[in-house]
Amino acid sequence: MEKLKTQLLILGGGPGGYVSAIRAGRLGIKTTLVERHKVGGVCLNYGCIPSKALLGKTALLQALKKGKRFGLSAENVNLDFKRLSQFKNQVVGGLVKGIETILNDAGVDIIFQEGKFKDEHILELATGQHLEFAQAIIATGSHNKELPGLEVDGKYIIDSSGALALEEVPASLLVVGAGAIGLEMGLIFHRLGAEVTVVELMPEILPGMDKELAGILRNILTKEGLQFNIGSQVESIQKSPEGFSQVKISGSAERMKYQKILVAVGRSPNVEALSNLDLNYSKGKFIETDDWMNTSIPNIKAVGDVAGMPLLAHKASHQGLMAVEDFAGIPEKGLLPPVPGAVFTEPEFASVGFTLENAEQEGLSAKEYLFPLQAVPRARAMGVAEGAFKVVTDERGKLIGVHILAPEAGELLAEASLALSLGLSVEDITHNIHIHPTLSEGLLEACLLAKGSKIHI
Ligand SMILES: Cc1cc2nc3c(=O)[nH]c(=O)nc-3n(C[C@H](O)[C@H](O)[C@H](O)COP(=O)(O)OP(=O)(O)OC[C@H]3O[C@@H](n4cnc5c(N)ncnc54)[C@H](O)[C@@H]3O)c2cc1C
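Per this note's numbering, the very first residue in the sequence shown carries number 66; after that it's consecutive.
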């Protein structure tokens with residue numbers, strides 16, 4: 066059998082792997098990308114993109130339905146779920162094709178097969194062929210975490226990929242886990258007409274994010290029609306031949322009937338292909354890396370979900386670029402900056418850096434300042450009022466965290482991310498003129514408040 070050889074092997078073609086491959090190819094490194102399914106990984110095929118296609122269009126439906134108070138009358142507005150799914154699939158298909166084209170343009174060899182490391186210089190492909198490499202980047206990503214007693218069966222119990230592939234809107238949906246994925250999926254199906262209940266073990270939704278803003282978001286979503294059981298868990302389920310499950314949730318006396326149960330309690334790293342490598346792992350079996358994504362094996366780096374939290378596409382891609390440039394000997398630009406993240410509910414909830422609680426746990430002397438969304442004129446003009454801009458500062462007024470609950474918070478957060486990565490202070494933000502009337506004035510006002518010169522409250 067012909068022996069394949071490459072300089073740089075990249076295992077996994079998600080946002081971590083394919084971005085690494087494009088950069089490496091364009092730097093003139095002989096690069097081979099091995100992917101068992103489709104380029105784009107979870108993000109493009111089963112995550113970020115299909116979920117946002119559905120969220121965006123269902124938000125439009127919701128906006129039309131809620132337009133009465135502005136004088137908008139749109140009776141019998143409906144969304145054809147089949148047509149919407151086709152739109153989602155077209156978006157995904159187009160982007161996957163586009164990435165393949167760019168990979169080819171960058172001179173990357175793509176092998177569509179499952180790979181398993183034989184040792185630190187050989188990858189064995191599913192066909193049995195060996196691919197010899199000098200250096201490697203592991204970007205194998207993650208999969209839905211299992212929950213004992215609620216094993217995914219594709220019929221009664223589904224994961225996020227199963228939810229995105231549904232051909233009909235279920236009459237009722239129980240979402241187990243109120244993280245970003247659970248809330249986004251719950252909101253999509255609620256808007257499409259399902260009765261949605263969310264169960265979360267922790268005392269508040271979106272564990273790890275700012276609790277006060279998470280509480281405001283929970284109230285908004287409750288008014289919208291989602292039901293929440295926080296500090297609760299599924300105690301038992303009984304699947305019925307009619308296609309429903311009877312579910313007992315702790316704290317509720319009765320069993321409730323759900324057509325589908327979505328398990329969204331986190332993700333586990335894909336490490337089956339790595340069992341012949343002597344890698345160090347951290348809690349949860351994520352690969353341990355240093356600041357340059359080096360693993361315990363000198364010629365192998367790891368990026369993205371498989372290399373640990375936060376499990377976000379843009380973190381995976383950024384790490385991929387850092388890893389390739391380090392391999393290529395390009396001078397370092399610095400460590401991984403604070404990683405921003407967003408939950409694409411309505412309003413969106415975006416965050417970067419420390420919450421006050423995290424900062425205090427780290428022994429920092431921090432303070433937080435909250436500016437309400439209702440005091441931002443643009444928000445009032447848009448007819449939205451619930452939300453907030455919160456900044457967390459250290460004792461010298463340096464920004465160490467920003468948390469925004471507002472429409473388009475994911476877009477608004479870019480200024481804050483830049484501020485944190487450059488080590489800017491609240492004073493610096495107040496020297497930046499913000500266009501009026503825009504939602505971005507909320508961050509300005511929160512920083513004015515933090516430096517003791519509040520204006521609009
Ligand atoms: C429903 C959902 C919504 C999400 N929304 C967002 C969002 O809005 N924003 C955001 O930033 N993140 C979001 N995420 C998270 C995001 O998808 C991941 O953080 C991102 O995909 C991680 O990229 P990665 O390259 O590390 O791994 P992955 O995207 O998981 O890609 C890994 C790739 O490796 C391949 N692979 C694995 N093992 C092998 C092997 N042995 N041989 C060959 N190929 C292999 C897999 O087939 C896969 O294509 C979402 C996730 C989900 C599930």
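Using N, Cα and C, we set each Cβ at its ideal position, and we do this for glycine too.
Judged by DSSP in its simplified three-state form, E319 adopts coil rather than helix or strand. Assignment of beta-bridge partners to V457 by DSSP yields E433 and G466. At a Cβ-Cβ threshold of 8 Å, V161 and V234 do not count as neighbours.
R101 carries a coil assignment under DSSP once its states are collapsed to helix, strand and coil. About 56 Å separates the beta carbon of P442 from that of P363, a gap too long to meet the 8 Å contact definition. Taking non-hydrogen atoms of ligand 1 into account, the C-beta of I246 is found less than 7 Å away from one of them.
Rounded to the nearest angstrom, the Cβ distance from L119 to K153 is 6 Å, consistent with a contact under 8 Å. At least one heavy atom of ligand 1 lies closer than 7 Å to the C-beta of C108.
The beta-carbon distance between V241 and L212, rounded to whole angstroms, is 7 Å. This is short enough to meet the 8 Å contact definition. Look at T410 here: in three-state DSSP terms it is coil, with no helix or strand label. Secondary structure of Q178 (DSSP, three-state): coil.
Using a Cβ distance threshold of 8 Å, G462 and V491 count as a contacting pair. The beta carbons of F454 and L508 sit about 5 Å from each other, so the pair counts as a contact at 8 Å. According to the DSSP assignment, T495 belongs to the alpha helix (DSSP H) that extends over V491 to T495. Short note on T205: C-beta closer than 7 Å to some heavy atom of ligand 1. Less than 8 Å divides the Cβ of F182 from the Cβ of N341. Set against 7 Å, the gap from the CB of D174 to the closest heavy atom of ligand 1 is not smaller.
The alpha carbon of K147 has as its nearest neighbour, out of I326, L231 and L137, the alpha carbon of L231.
A Cβ-Cβ contact shorter than 8 Å links L377 with G406. Judged by DSSP secondary structure, L125 falls within the alpha helix (DSSP H) whose first and last residues are C113 to K130. Contact between R101 and Q178 holds: their C-beta atoms lie close to 6 Å from each other, under 8 Å.
The beta-bridge partner set that DSSP reports for V299 consists of I314.
Beyond the five residues adjoining it in sequence on each side, I223 comes within less than 8 Å, by CB distance, of V217, L231, K325, I326, L327 and V328 in the same chain, given in chain order.
Judged by their CB atoms, H255 and L291 are nearer to each other than the 8 Å cut-off.
Below 8 Å, too few C-beta pairs join the stretch 257 to 269 and the stretch 377 to 397 to call them touching: fewer than three.
In the three-state scheme derived from DSSP, where H, G and I count as helix and E and B as strand, T96 is classed as strand. With respect to the 8 Å criterion, I203 and V371 are classified as neighbours on the basis of their beta carbons.
Not a single heavy atom of ligand 1 lies less than 7 Å from the C-beta of L196.
T71 is bridged by DSSP to F198. Per the C-alpha coordinates, the member of P402, T97 and G78 positioned closest to A481 is P402. If the five residues before and after T192 are omitted, its C-beta is found closer than 7 Å to the C-beta atoms of Q178, all from its own chain and listed in chain order.
Annotation for T166: the continuous alpha helix (DSSP H) segment containing it runs F146 to D170. Pairing G90 with A171, the inter-Cα distance amounts to about 5 Å. In the structure shown, the three-state DSSP call for N423 is helix.
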